[in-house]
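Residue 595 in our numbering sits at position 7 of the sequence shown; the count goes up by one each step and never skips.
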Amino acid sequence: MGMPGKRKLFLIPALAALALGAVAVGHASAAAGPARAAVGHALTAPEDLDLCEGKAQLEAAVLTKSAAETIGENAGFVQVTDASVEVDGPAAAADTDQLIVTFTGEAMLDGQPNVLNPVVDAMQVRILVDGQVLPPGAVAFTTDAGQSDALQACTLVNGPGTHTVTVEWRLFDFANNSALTGTLGSWELHVERND
589 MGMPGKRKLF
599 LIPALAALAL
609 GAVAVGHASA
619 AAGPARAAVG
629 HALTAPEDLD
639 LCEGKAQLEA
649 AVLTKSAAET
659 IGENAGFVQV
669 TDASVEVDGP
679 AAAADTDQLI
689 VTFTGEAMLD
699 GQPNVLNPVV
709 DAMQVRILVD
719 GQVLPPGAVA
729 FTTDAGQSDA
739 LQACTLVNGP
749 GTHTVTVEWR
759 LFDFANNSAL
769 TGTLGSWELH
779 VERND
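Dropping the structure here:
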């Protein structure tokens, strides 16, 4: 069954107006979008912030592990099993490269008496390069019965040679009154080296 003639004539200008409106909105939103920084400009940071600046990406490594690992309470940090990546440093002794490290994973903490307390037990995670803890240091990766989380760190490495990136974890019993166990699985360690 066909459309009556007047309806066909009305449909053509309506569709044209709709298309013109979409183009105008697209141009307006592109013009109102965030300002882009000029390529090659020097970055600066306020006194209370550290700047970890790099340029073009030179290499990237991604290590994943789906099998879960469980630990109990321990006094110190221990390495997450298999969470270790080696990357090359810059070729020349005077050069510096940037390392950006991201660790993500699914974490679960069991045994805490009350997860609703404002000060709670936690699973802490930290990233190291060549045995040195990177800022921000140890962070609470989870305080409850399961969640995915991430930690990112940045550092500059000098001169040639191999640099080792590792991840460590521990269970922090705030009141020293729990029998905590922590499980970490489905994790990914992503390391990129930039010029």
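Ideal Cβ positions, reconstructed from N, Cα and C, are used throughout, including at glycine.
Is residue i near residue j, with beta carbons less than 8 Å apart?
{"i": "D783", "j": "D685", "result": "yes"}
{"i": "L697", "j": "A733", "result": "yes"}
{"i": "V708", "j": "L739", "result": "no"}
{"i": "T731", "j": "A710", "result": "yes"}
Can you list, in chain order, the residues of its chain whose CB lies under 7 Å from that of residue i, leaving out five sequence neighbours each side?
{"i": "S774", "result": "S654, G693 and E694"}
{"i": "T669", "result": "E657"}
{"i": "V673", "result": "A649, L651, V753, L777 and V779"}
Using a Cβ-Cβ cut-off of 8 Å (strictly less than) and excluding sequence neighbours within five positions of residue i, which residues of its own chain qualify?
{"i": "D638", "result": "P723"}
{"i": "A647", "result": "Strictly speaking, residue 647 in this sequence is Glu, with Ala absent from that position. So the list reads V675, D676, E780 and R781, once near-sequence residues are dropped."}
{"i": "F665", "result": "Q712, R714, A726, E756, W757 and R758"}
{"i": "A618", "result": "For A618, the predicted structure reports a pLDDT of 40, less than 50, and the residue's modelled location is therefore unreliable. A value from the coordinates is still provided. For A618, where only same-chain residues beyond five positions count, there are no Cβ hits under 8 Å."}
Please work out which residues of its chain come closer than 6 Å, Cβ to Cβ, to residue i, disregarding the five sequence neighbours upstream and downstream, and give them in chain order.
{"i": "V650", "result": "H778"}
{"i": "A803", "result": "Nothing about residue 803 can be read from this structure; the chain reaches only from 589 to 783."}
{"i": "N765", "result": "none"}
{"i": "F729", "result": "A695, M711, V713 and D737"}
{"i": "G699", "result": "S766, A767, L768 and T769"}
Which whole-angstrom value is the C-beta distance of residue i and residue j, which I expect to be below 8 Å?
{"i": "Q667", "j": "T750", "result": "The Cβ separation is near 17 Å, so there is no contact."}
{"i": "E657", "j": "L759", "result": "Incorrect: roughly 12 Å between the Cβ atoms, too far for contact."}
{"i": "Q645", "j": "E780", "result": "6 Å"}
May I ask you to list the residues that DSSP assigns as paired with residue i?
{"i": "G660", "result": "T769"}
{"i": "T754", "result": "S672 and L716"}
{"i": "G725", "result": "BP columns for G725 are empty, so no partner."}
{"i": "R653", "result": "Checking the sequence shown, residue 653 turns out to be Lys, not Arg. According to DSSP, which records beta bridges pairwise, K653 is partnered with W775."}
Between residue i and chain B, is there a C-beta pair that is closer than 8 Å?
{"i": "V689", "result": "Considering every chain present, this structure includes no chain B. It has just one protein chain."}
Review point. Counting pairs of beta carbons, one from the stretch 763 to 774 and one from the stretch 737 to 747, are three or more of them closer than 8 Å?
Key: no
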